[in-house]
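Going down the list, the protein sequences come from chains F and B.
Each residue of the first sequence is one higher than the one before, counting from 1 in our numbering.
Each residue of the second sequence is one higher than the one before, counting from 1001 in our numbering.
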Amino acid sequence: MPDMLNIALPKGRLGEIVYSLFAAAGFPCPSILDPGRRLIFENEEAGVRYFWVKPSDVTVYVERGAADIGVAGRDILLEYEPDVYELSDLGIGKCRMAVAAPRDFRDDPRRTLRVATKFRHIAETYYASRGREIDIIHLNGSIEIAPIVGLSDVIVDIVETGSTLRENNLAVYETIFPISARLIANKSSHKFKNEAISRLVKEIAGGRT
Amino acid sequence: MTENFSFTNDERIIFTLRALYMKYGYQPYRMSKFEEYDLYSRNKDFLVSEGVITFTDTSGRLMALKPDVTLSIIKNTRDAAPDVSKLCYDENVYRSPKGSTGYREQMQIGLEQIGGVDLCGVSEVLWLAAESLASLSDDFILDVSHLGLASAVLAPLPPRDATRAALLKCVADKNLHGIAEIAKDRPLPDGMAGRIASLIEASGKPADALPRIRALADDLGTPDIAAALETVLSVFEGTPYAASIRIDTSVTGDMNYYNDIVFRGFLREVAEPVLSGGQYDMLMKRMHRTDRAIGFAVYLDRLERLDETRPGTDADVLLLYPPDTPPADVHRATAALIAAGKSVFAAGSGAGRLRFSEVADLIGGEVIPRA
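See the structure below:
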């Protein structure tokens, strides 16, 4: 029996869209659509096993080989820099990484910029490239509150429609980079399960054109 | 009889590989546990891990607990080209793994050729890399590339340029779409995007990849690169290892240190590369040497889970003796059981959670097996 292809999917709406892409590409697993709390689904006939994992954990599963391939946002790839192959831009889950601030914010270069973010590495790299001294305030959620209550001057976060920013009187100050979902592969799996992984990449690319 | 007293997985691998390397004339190299920190601080980017354990010795010098073997070997060999030194080692190094806040002791075994390294020498090192992998698993792949190609493609960009580094990362990640993302922010020199895409796609079995490598090398005006790659890989033609060799241009490295042939080894059972190596003439130059060098290391810490078999028992016989038994009786009984080919755990009471095939009592100097 050929090896099963283990796929880590990000839990949530994006993962569901990705699954339908992969199913259409010849890797279906209908049981994944069953309601319930199961996290692992297998279709032996199609040679595929799917896991639902937290979106920020997909890279960990793939880098360490528990999953052969997975789908992660560009934000996660740039933040954690996992040692994986980035095989395809799926062109879905589009949003952007941005600096946001109160509408009347003006950067004062004489002062250290206080930056609240979940994405420490991305923020540090971005401001280092501009030679701007910053003070990182690492938060795990509700980042938008930070500049309102005076905890930070700006935030670095993912912006989709911008409605959360607007509702909190914030606005995008600068876009750092656009984000979309990427298909990633474990480097060793890419050697030993190359036929299945290449077939999936090709089918997905074909489906998009 | 159980294998309780046989070699550990690490020891087996070390003995096997050291014997292999010595058969090819590689001399064992033993490095000092501590080296002056200056050696490592001057070549920090060459180290796999950023952290180095340092301390001040009694004479006030800042010393480092060895984070790397190659730098030490270079420092302790003299420039004797066209002669060549062939050295092998098995050493613990102390590194801070990515994402970790502490240090870990990691065993490495590997070899280095330093001096007048020629294409035959490079082929020999590739062959030994393949043979090392074959001794670890029936299913391995050795990825080989020539850094000269990436270097020629990226040559129009300055060496420390951020765009150049980002494009090289695209090559390492097999990231074709990333090239367009970079080009959107900064226009690339004419034809560069297409050439990088061709480089990424020029991977696969040598028979499939070499024509693409040749075409790219011709386009770049460097046909000698394709010829060199073809020549060093010819050593595998018609051998059992041929099916396990791939050309993979995603194998890269810091071009301030590495050049020409670079390679990486994978086993089906392990999620990370277990062997990594290449030519590091550029590092030699940085250390004011004119000779050439190539080597590789096998990472034993990544092979820990290669042997998943668990012994069923910890020893064959649990020999229980009552209080006041003369030590000479225990010794005689234990020695007799060992002479009979069994492993023995002698204890006055019990042996905790250890498991045994048999339990026997020592009564009046006689071994009485329990039913």
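No residue lacks a Cβ here, since even glycine has one placed at the ideal position from N, Cα and C.
Practice prompt. Report the residues of the stretch 1265-1282 of chain B with a CB closer than 8 Å to any CB of chain F, ordered along the chain.
Written response: 1266, 1267, 1268, 1270, 1271, 1272, 1273
Discussion item. Please report whether the beta-carbon of residue 1177 (chain B) lies at a distance below 8 Å from any beta-carbon of chain F.
Written reply: Here residue 1177 (chain B) refers to the residue found at position 177 when the second sequence is read from its first residue. Yes, because at least one Cβ of chain F sits closer than 8 Å to the Cβ of residue 1177 (chain B).
Discussion item. Whether or not the stretch 116-129 of chain F and the stretch 182-200 of chain F are in contact is what I'm after, with contact meaning three or more pairs of Cβ atoms, one per stretch, closer than 8 Å; do they touch?
Written reply: no
Worksheet item: With 8 Å set as the bound, which would you pick, yes or no: does the beta-carbon of residue 94 (chain F) sit closer than that to a beta-carbon of chain B?
Response: Position 94 of the first sequence holds residue 94 (chain F). So no, residue 94 (chain F) is outside the interface.
Worksheet entry | Cutoff 8 Å: residue 1205 (chain B) Cβ touching any chain F Cβ | As a first step, residue 1205 (chain B) must be located in the second sequence, where it is residue number 205. It does not; no Cβ of chain F falls within 8 Å.
Worksheet item: Any idea what DSSP makes of residue 177 (chain F), helix, strand or coil?
Response: In the first sequence, residue 177 (chain F) corresponds to position 177, counting from 1. Looking at residue 177 (chain F) - three-state DSSP - the assignment turns out to be strand.
Worksheet entry | With 16 other Cβ atoms within 10 Å as the buried cut-off, status of residue 1368 (chain B) | Locating residue 1368 (chain B) in the second sequence gives position 368, counting from the first residue. Residue 1368 (chain B) should be labelled exposed.
Discussion item. Taking only three categories from DSSP, how would you classify residue 1284 (chain B)?
Written reply: Within the second sequence, numbered from 1, the residue matching residue 1284 (chain B) stands at position 284. Helix.
Worksheet item: Interface residues of chain F around residue 1139 (chain B) at Cβ under 9 Å?
Response: Translated into positions along the second sequence, residue 1139 (chain B) becomes position 139. What residue 1139 (chain B) touches in chain F: 192.
Worksheet item: By DSSP, does residue 1140 (chain B) sit in helix, in strand, or in coil?
Response: One-based indexing of the second sequence puts residue 1140 (chain B) at position 140. Note: residue 1140 (chain B) maps to strand in three-state DSSP.
Practice prompt. Can you tell me which of the three DSSP states residue 1088 (chain B) falls into?
Written response: Stepping through the second sequence from its first residue, residue 1088 (chain B) is reached at position 88. Note: residue 1088 (chain B) maps to strand in three-state DSSP.
Practice prompt. With DSSP as the reference, label residue 86 (chain F) as helix, strand or coil.
Written response: Residue numbering aside, residue 86 (chain F) sits at position 86 when the first sequence is read from its first letter. DSSP places residue 86 (chain F) in strand when its eight states are reduced to three.
Worksheet item: Under the DSSP definition of a beta bridge, which residues are partnered with residue 70 (chain F)?
Response: Counted from its first residue, the first sequence places residue 70 (chain F) at position 70. Per DSSP, F:8, F:184.
Worksheet item: Smallest Cα separation from residue 65 (chain F): which of B:1319, B:1333, B:1230, B:1305?
Response: Position 65 of the first sequence, counted from the first residue, corresponds to residue 65 (chain F). Here the closest residue by C-alpha is B:1305.
Discussion item. Please report the straight-line C-alpha distance between residue 1218 (chain B) and residue 1190 (chain B), rounded to a whole angstrom.
Written reply: Taking the second sequence and counting its residues from 1, the one referred to as residue 1218 (chain B) is at position 218. Taking the second sequence and counting its residues from 1, the one referred to as residue 1190 (chain B) is at position 190. If you take the alpha carbons of residue 1218 (chain B) and residue 1190 (chain B), they lie about 17 Å apart.
Discussion item. From the DSSP secondary-structure annotation, give me the bridge partner or partners of residue 135 (chain F).
Written reply: Sequence index remark: in the first sequence, residue 135 (chain F) carries index 135 (1-based). DSSP lists F:114 as partners of residue 135 (chain F).
Worksheet item: Going by the beta-carbon positions, is the gap between residue 1203 (chain B) and residue 1248 (chain B) smaller than 8 Å?
Response: Translated into positions along the second sequence, residue 1203 (chain B) becomes position 203. Translated into positions along the second sequence, residue 1248 (chain B) becomes position 248. In this structure, residue 1248 (chain B) lies closer than 8 Å to residue 1203 (chain B) by Cβ.
Worksheet item: Closest by CA to residue 56 (chain F), which one among F:28, F:138, F:72?
Response: Start at 1 with the first residue of the first sequence, and residue 56 (chain F) comes out as number 56. Of the listed residues, the one whose Cα sits closest to residue 56 (chain F) is F:72.
Worksheet item: Closest by CA to residue 1080 (chain B), which one among B:1054, B:1291, B:1269?
Response: For the purposes of this step, residue 1080 (chain B) is identified with residue 80 of the second sequence, where counting begins at 1. Per the Cα distances, B:1291.
Item to complete: Please confirm if residue 1173 (chain B) has its CB atom under 8 Å from at least one CB of chain F.
Response: Residue 1173 (chain B) sits at position 173 when you count from the first residue of the second sequence. Yes - at least one Cβ of chain F is within 8 Å of the one on residue 1173 (chain B).
Discussion item. Quick check on residue 1067 (chain B): buried or exposed, where buried means 16 or more other Cβ atoms within 10 Å of its Cβ?
Written reply: Translated into positions along the second sequence, residue 1067 (chain B) becomes position 67. With 16 or more other Cβ atoms within 10 Å, it is buried.
Worksheet item: Hey, how far is the Cα of residue 1221 (chain B) from the Cα of residue 1153 (chain B)?
Response: As a position in the second sequence, residue 1221 (chain B) is number 221, starting the count at 1. As a position in the second sequence, residue 1153 (chain B) is number 153, starting the count at 1. Between residue 1221 (chain B) and residue 1153 (chain B), the C-alpha separation is close to 10 Å.
Fill in: Option in B:1295, B:1286, B:1370, B:1159 with minimal Cα separation from residue 1320 (chain B)
Your numbering for residue 1320 (chain B) matches position 320 in the second sequence. Ranking the options by Cα distance to residue 1320 (chain B), first place goes to B:1370.
Fill in: Below-8 Å beta-carbon distance, residue 1003 (chain B) vs any chain F residue
Position 3 of the second sequence, counted from the first residue, corresponds to residue 1003 (chain B). Unreliable positioning characterises residue 1003 (chain B) in this predicted model, as indicated by a pLDDT of 49, which lies under 50. The coordinate reading is nonetheless provided below. False, the Cβ-Cβ gap to chain F never drops below 8 Å.
Practice prompt. Could you tell me if the beta carbon of residue 1040 (chain B) falls within a distance shorter than 7 Å of some heavy atom in the ligand ATP?
Written response: What this structure holds is no ligand at all, so the ligand ATP is not there to describe.
Worksheet item: For the alpha helix (DSSP H) that residue 211 (chain F) lies in, which residues bound it at each end?
Response: There is no way to answer for residue 211 (chain F), as the model of chain F reaches only from 1 to 209.
Item to complete: Give the single residue among B:1008, B:1045, B:1029, B:1016 whose Cα lies nearest to the Cα of residue 1283 (chain B).
Response: On the second sequence, position 283 is the one that residue 1283 (chain B) refers to. Measuring from the Cα of residue 1283 (chain B), the nearest candidate turns out to be B:1045.
Discussion item. Please tell me whether residue 65 (chain F) has its Cβ less than 8 Å away from any Cβ of chain B.
Written reply: Stepping through the first sequence from its first residue, residue 65 (chain F) is reached at position 65. Chain B, which has a Cβ nearer than 8 Å to the Cβ of residue 65 (chain F), makes this yes.
Worksheet item: If you count every other CB in all the chains shown that lies within 10 Å of the CB of residue 1070 (chain B), and 16 or more means buried, which is it?
Response: Within the second sequence, numbered from 1, the residue matching residue 1070 (chain B) stands at position 70. By the 10 Å Cβ count, residue 1070 (chain B) comes out buried.
Practice prompt. Please confirm if the stretch 1159-1174 of chain B is in contact with the stretch 1106-1114 of chain B, defined as three or more CB-CB distances below 8 Å between the two stretches.
Written response: no
Worksheet item: Given residue 1178 (chain B), which residues of its chain have a CB within under 7 Å of its CB, disregarding the five upstream and five downstream residues?
Response: The residue given as residue 1178 (chain B) occupies position 178 in the second sequence. Cβ within range, chain order: 1170.
Practice prompt. Give the C-beta separation of residue 1150 (chain B) and residue 1296 (chain B) to the nearest angstrom, bearing in mind that I take them to be a contact with Cβ-Cβ under 8 Å.
Written response: Residue numbering aside, residue 1150 (chain B) sits at position 150 when the second sequence is read from its first letter. Residue numbering aside, residue 1296 (chain B) sits at position 296 when the second sequence is read from its first letter. That pair is no contact at about 19 Å.
Discussion item. Please confirm whether residue 186 (chain F) has its beta-carbon closer than 8 Å to some beta-carbon of chain D.
Written reply: The structure shown has no chain D; the protein chains it does contain are F and B.
Practice prompt. For residue 1021 (chain B), count neighbouring C-beta atoms within 10 Å of its own C-beta (all shown protein chains included) and say buried if the count is 16 or more, exposed if not.
Written response: Walking along the second sequence from the start, residue 1021 (chain B) turns up at place 21. Residue 1021 (chain B) is buried by the Cβ-count criterion.
Fill in: Limits of the unbroken alpha helix (DSSP H) element including residue 1211 (chain B)
Within the second sequence, numbered from 1, the residue matching residue 1211 (chain B) stands at position 211. It spans 1206-1219 - the alpha helix (DSSP H) in which residue 1211 (chain B) sits, taken as one unbroken run.
Worksheet item: In the DSSP assignment, what are the bridge partners of residue 50 (chain F)?
Response: Taking the first sequence and counting its residues from 1, one reaches residue 50 (chain F) at position 50. Per DSSP, F:7, F:41.
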